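For reference, the structure is listed below as structure tokens.
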Amino acid sequence: GPRAEGALPLGARDSDIAAWGLGPKDTRSLKRLREVEDARRGRVIVDMREFNQASRLPLMLHVSGLDVQPVTLIVGDYVLTPDVCIERKSVPDLFGSFQSGRLFTQAEAMTRLYARPILLIEFDGSKSFWLQSPSELPDEITPGNITSKLVLLTLHFPSLRILWAKDAHAAVELFVSLKLRAEEPDAAVAAAVGAEAEGAVGTGLGVHDAEALQQTRLTARDFMQKLPGVTVANIRKLELACPTLGHLALMSEDALAKVIGGANAALLYKFV
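Anchor point for the sequence shown: position 133 equals 731 in this note's numbering, and the numbering is continuous, going up by one each time.
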């Protein structure tokens, strides 16, 4: 019979599965294998600067079969799906980013612009898989302690998730898991996320004027995000198509459908 002829390929059709006489449990397992295989061939948008770091993660992602697309990202280091953005930190970089305050700024941008922001702490596989020994853990939150700083970070940004990887190999497996059954990211969209903040500073405006302009844009985004049919997943595409709320009000339903899909466009057009 078919079972005696070898292993059932992952690309087998449903009719082939039926011919093998597999039960529901076997079918679910095979479906899971298919999903993992698809995820391993998926796309990962990687910030160009990651290739200049000591991390082997970009190389390991490529070797594992993922489609690595290098671009210059303003927000995050890796974009796995339209919703998932990852800021990677080595242990020394984590300490330095807390010290300079840069991590707070990065977390603020990720949580504002992505539905699933993630901080990935990548350890050196040749060293201990901990930030500090158990004897160094304080009984209460202490501002100068690294573990306390992580606790405070998550309290301030409740949507931020923290992942730990003992080395680049472990990080690749985490990435594959996060990409299961998820939509592929768009490199152009990922590169444009956060561009409005950069553009404000690059216009020659003073710092206070640039901040005021950015705050106006954030207010418009908050308003737009509350409109029917607008979601975290499609708001960035809508912003690119409609620079202002005035542009949005003038768009036809067909034009909106090309940006956010027919069902969402119908809801938004009816409201506007």
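Cβ atoms here follow ideal geometry from the backbone N, Cα and C, with glycine treated the same way. Since this is a predicted model, take the numbers as computed values, not measurements.
Quiz prompt | Proximity winner among D820, L865, S662, relative to L640 (alpha-carbon distances) | solution = The residue given as residue 640 occupies position 42 in the sequence shown. Looking at the sequence shown, residue 640 is not Leu but Gly. The option with the nearest alpha carbon to G640 is S662.
Quiz item: Do L664 and R638 have their C-beta atoms closer together than 8 Å?
Solution: Counting from 1 along the sequence shown, the entry for residue 664 is found at position 66. Counting from 1 along the sequence shown, the entry for residue 638 is found at position 40. Yes. Within cutoff.
Quiz item: Once you ignore the five residues that flank L692 on each side, which residues in its own chain have a CB closer than 7 Å to its CB?
Solution: In the sequence shown, residue 692 corresponds to position 94, counting from 1. Hits under 7 Å: I719.
Quiz prompt | Outcome for G800 when other beta-carbon atoms lying within 10 angstroms are tallied against a minimum of 16 | solution = Taking the sequence shown and counting its residues from 1, one reaches residue 800 at position 202. With a pLDDT of 46 at G800, under the threshold of 50, the predicted position of this residue should be treated as unreliable, though the coordinate-derived value follows. It is exposed - the Cβ of G800 has fewer than 16 other Cβ atoms within 10 Å.
Quiz item: Any idea what DSSP makes of E685, helix, strand or coil?
Solution: What you label residue 685 is simply residue 87 of the sequence shown in a count that begins at 1. E685 falls in the strand class under three-state DSSP.
Self-check item: Contact check, P541 vs E781, beta carbons under 8 Å
Solution: Nothing can be reported for residue 541, as the shown portion of the chain is limited to 599 through 870.
Quiz item: Can you name the start and end residues of the beta strand (DSSP E) that L761 belongs to?
Solution: The residue you call residue 761 lines up with position 163 of the sequence shown. For L761, the enclosing beta strand (DSSP E) stretches over residues 759-763.
Quiz item: Can you name the start and end residues of the beta strand (DSSP E) that V749 belongs to?
Solution: Locating residue 749 in the sequence shown gives position 151, where the first residue counts as 1. Counting along the chain, V749 falls outside any beta strand (DSSP E), though it belongs to the alpha helix (DSSP H) covering 744-754.
Exercise. Below 8 Å on the Cβ atoms is my guess for L866 versus L825; work out the distance and round it to an integer in Å.
Key: Numbered from 1 along the sequence shown, position 268 holds the residue referred to as residue 866. Numbered from 1 along the sequence shown, position 227 holds the residue referred to as residue 825. At roughly 6 Å, the Cβ-Cβ gap stays under 8 Å, so L866 and L825 are in contact.
Quiz prompt | Delimiting residues of the beta strand (DSSP E) encompassing Q704 | solution = Here the question's residue 704 lines up with position 106 in the sequence shown. Not the beta strand (DSSP E): Q704 falls in the alpha helix (DSSP H), residues 700-711.
Quiz item: For the 8 Å Cβ check, are there 3 or more pairs between the stretch 749-769 and the stretch 650-662?
Solution: yes
Quiz item: Within the chosen definition, does the stretch 701-710 reach the stretch 741-757 through at least 3 CB pairs nearer than 8 Å?
Solution: yes
Quiz item: What does a CB cutoff of less than 7 Å around E603 pick up in its chain, not counting 5 residues either side in sequence?
Solution: What you label residue 603 is simply residue 5 of the sequence shown in a count that begins at 1. At E603 the pLDDT is 44, less than 50, meaning the model places this residue with poor confidence; the figure from the coordinates comes in the next sentence. The answer is none, since no qualifying residue turns up.
Exercise. Reducing DSSP to helix, strand and coil, say where E720 ends up.
Key: Walking along the sequence shown from the start, residue 720 turns up at place 122. Strand, per DSSP.
Quiz item: Which residue or residues does DSSP assign as beta-bridge partners of P715?
Solution: Numbered from 1 along the sequence shown, position 117 holds the residue referred to as residue 715. Its beta-bridge partners are C683.
Quiz item: In terms of alpha-carbon separation, which member of I643, I739, V682 lies closest to S775?
Solution: On the sequence shown, position 177 is the one that residue 775 refers to. When only C-alpha atoms are compared, the closest one is V682.
Quiz item: Is the beta carbon of T740 within less than 7 Å of some heavy atom of the ligand MG?
Solution: Questions concerning the ligand MG fall outside what the structure shown contains, since it holds no ligand whatsoever.
Exercise. Use the C-beta contact count for A798: other C-beta atoms within 10 angstroms, 16 or more gives buried, fewer gives exposed.
Key: Translated into the one-based positions of the sequence shown, residue 798 becomes position 200. Low confidence applies here, because A798 scores a pLDDT of 44, under 50, leaving its location unreliable; read the following figure in that light. Buried is the call here.
Quiz item: If we call anything under 8 Å between Cβ atoms a contact, is V673 one with L711?
Solution: Position 75 of the sequence shown, counting from 1, holds the residue named residue 673. Position 113 of the sequence shown, counting from 1, holds the residue named residue 711. Yes; because the gap between Cβ atoms is below 8 Å, this pair is in contact.
Exercise. Can you have a look at P834 and say buried or exposed, based on whether 16 or more other CB atoms are within 10 angstroms of its CB?
Key: Here residue 834 is taken as the residue at index 236 of the sequence shown, counted from 1. Note that residue 834 corresponds to Arg in the displayed sequence, not to Pro. Buried, since its Cβ has 16 or more Cβ neighbours within 10 Å.
Practice problem: Mind checking which residues open and close the beta strand (DSSP E) that includes P668? | Solution: Position 70 of the sequence shown holds residue 668. Run containing P668: 665-669, per the beta strand (DSSP E) assignment.
Quiz prompt | Identified DSSP bridge partners for I643 | solution = Counting from one through the sequence shown, the residue named residue 643 turns up at place 45. The bridge partners DSSP lists for I643 are Q667, V677.
Quiz item: Hey, L671 and A788 are a contact pair by Cβ (cut 8 Å); roughly how many whole angstroms apart?
Solution: Here residue 671 refers to the residue found at position 73 of the sequence shown. Here residue 788 refers to the residue found at position 190 of the sequence shown. Contact holds; Cβ gap of about 6 Å.
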